[in-house]
Ligand code: GRG
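Numbering (the working numbering), first residue to last: 3 to 306.
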């Protein structure tokens with residue numbers, strides 16, 4: 003993203019992050035159907051769920067990875083919004099009574115509470131369809147690139163990715179999982195979409211060497227797990243007000259977490275180890291991977 007002042011200087015991370023977040027909010031506003039159309043209630047609920055909240059971690063990762071392939075801001079807007087729409091769909095469905103049954107998300111009533119359950123179901127469905135529609139409609143330089151981006155998002159969100167991880171999550175309530183089993187669940191449930199965000203951002207510009215894509219994939223896998231370990235730590239250390247979602251849910255629901263499996267101190271050490279390994283995977287890129295490096299630090303140190 004071009005600096006707005008100090009021409010030539012790279013803006014501090016917090017400025018860059020705010021720029022990407024603002025840019026993503028605006029792009030989502032354009033890509034989502036307007037609430038004034040005939041399907042007022044559904045479109046209003048889609049906009050309610052997707053706009054005005056969230057850290058936008060996946061768009062940030064896509065923009066940061068896109069810097070390595072010189073991707074245009076327009077291409078990254080599209081990829082960032084597609085990934086974020088899938089993420090929001092997963093949150094809306096996850097909050098429904100048939101899944102995690104939660105009433106608070108991003109500091110506001112969840113979609114099914116603010117609207118109703120059938121609307122929340124359709125919001126998730128429609129956000130998912132819209133994500134693939136905007137990817138398919140973008141003027142990629144060649145069709146192969148667009149198709150590969152569609153494939154990456156479908157893989158990350160489908161039964162071998164996020165939806166599969168959610169199935170394991172639902173099946174493991176009250177069951178002790180080993181650390182490898184917990185890791186597999188989170189690699190799919192949370193990690194697969196984070197991985198898709200990084201790889202899609204990286205593949206939105208000029209083709210990258212296979213070795214570079216492998217390095218980014220190694221980074222993304224560790225960053226995805228890191229995100230979840232920190233999420234588990236925050237679930238039992240932060241307040242509902244800070245998180246903007248119900249704290250302590252996992253323990254209350256008898257769900258296995260890194261904290262319940264390892265204890266708080268070892269979970270914190272694991273997060274630190276994953277952060278170090280994630281940064282190690284980026285070493286060959288040098289300063290070109292600055293934003294990804296900063297994002298790994300942000301994911302580690304986030305408070306919500
Ligand atoms: C319903 C198919 C389907 C999948 C749901 C991602 C997911 C699977 C459920 C969300 C439940 C959850 C709290 C998972 C832990 C990690 C996670 C994805 C946290 C929420 O993501 P953030 O912190 O949220 O990036 P914001 O609101 O900042 O975007």
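Idealized CB from N, CA, C, for every residue including glycine.
Check your understanding: Do residue 159 and residue 88 have their CB atoms nearer than 9 Å?
Key -> Between residue 159 and residue 88, the CB-CB gap stays under 9 Å.
Practice item. Leaving out five residues on either side along the sequence, give the residues of the same chain with a beta carbon under 6 Å from the beta carbon of residue 242. Key: Result list for residue 242: 248 and 249, in chain order.
Check your understanding: Hey, residue 273 and residue 231 are a contact pair by Cβ (cut 8 Å); roughly how many whole angstroms apart?
Key -> Going by Cβ atoms, the distance from residue 273 to residue 231 rounds to 5 Å, so yes, they are a contact pair.
Review point. Buried or exposed: residue 4, going by 16 or more other Cβ atoms within 10 Å of its Cβ?
Key: For residue 4, the predicted structure reports a pLDDT of 47, less than 50, and the residue's modelled location is therefore unreliable. A value from the coordinates is still provided. With fewer than 16 Cβ atoms within 10 Å of its Cβ, residue 4 is classed as exposed.
Review point. If we count the other Cβ atoms within 10 Å of its Cβ and call it buried at 16 or more, is residue 229 buried or exposed?
Key: Buried.
Review point. Can you tell which of 294, 51 and 64 has its C-alpha closest to the C-alpha of residue 126?
Key: Residue nearest to residue 126 within the set 294, 51 and 64 is 51 (criterion: CA-CA distance).
Practice item. Confirm, please, whether the CB-CB distance from residue 225 to residue 301 is below 9 Å. Key: Yes. Within cutoff.
**Study point:** Residues that DSSP places opposite residue 106 in a beta bridge
**Key:** According to DSSP, which records beta bridges pairwise, residue 106 is partnered with 111.
Check your understanding: How should residue 206 be labelled, buried or exposed, when 16 other C-beta atoms within 10 angstroms of its C-beta is the threshold for buried?
Key -> Around the CB of residue 206, 16 or more other CB atoms lie within 10 Å, so the residue is classed as buried.
Review point. Grouping DSSP H, G and I as helix and E and B as strand, with all else coil, what is residue 260?
Key: DSSP places residue 260 within a helical segment (H, G or I) once states are collapsed to three.
Exercise for review: Identify every run of the alpha helix (DSSP H) within the stretch 45-75, keeping only runs that are complete inside it and at least 4 residues long; order them along the chain.
Suggested key: The qualifying runs are 59-68.
Practice item. Let me know the secondary structure DSSP gives residue 318 once reduced to three states. Key: Lying before the first or after the last residue shown, residue 318 is absent from the chain, which here runs from 3 to 306.
Exercise for review: Measure the C-alpha to C-alpha separation of residue 263 and residue 39 and round it to an integer number of angstroms.
Suggested key: Residue 263 and residue 39 have their C-alpha atoms roughly 49 Å apart.
**Study point:** Inter-residue spacing [alpha-carbon to alpha-carbon] between residue 253 and residue 139
**Key:** About 43 Å.
Point to revise | residue 48 CB to nearest heavy atom of the ligand GRG below 8 Å | key: Residue 48: no, Cβ never under 8 Å from the ligand GRG.
Review point. According to the neighbour-count rule (16 or more other Cβ atoms, all chains shown, within 10 Å of its Cβ), is residue 25 buried or exposed?
Key: Taking a 10 Å sphere around the C-beta of residue 25, we find 16 or more other C-beta atoms and assign the residue as buried.
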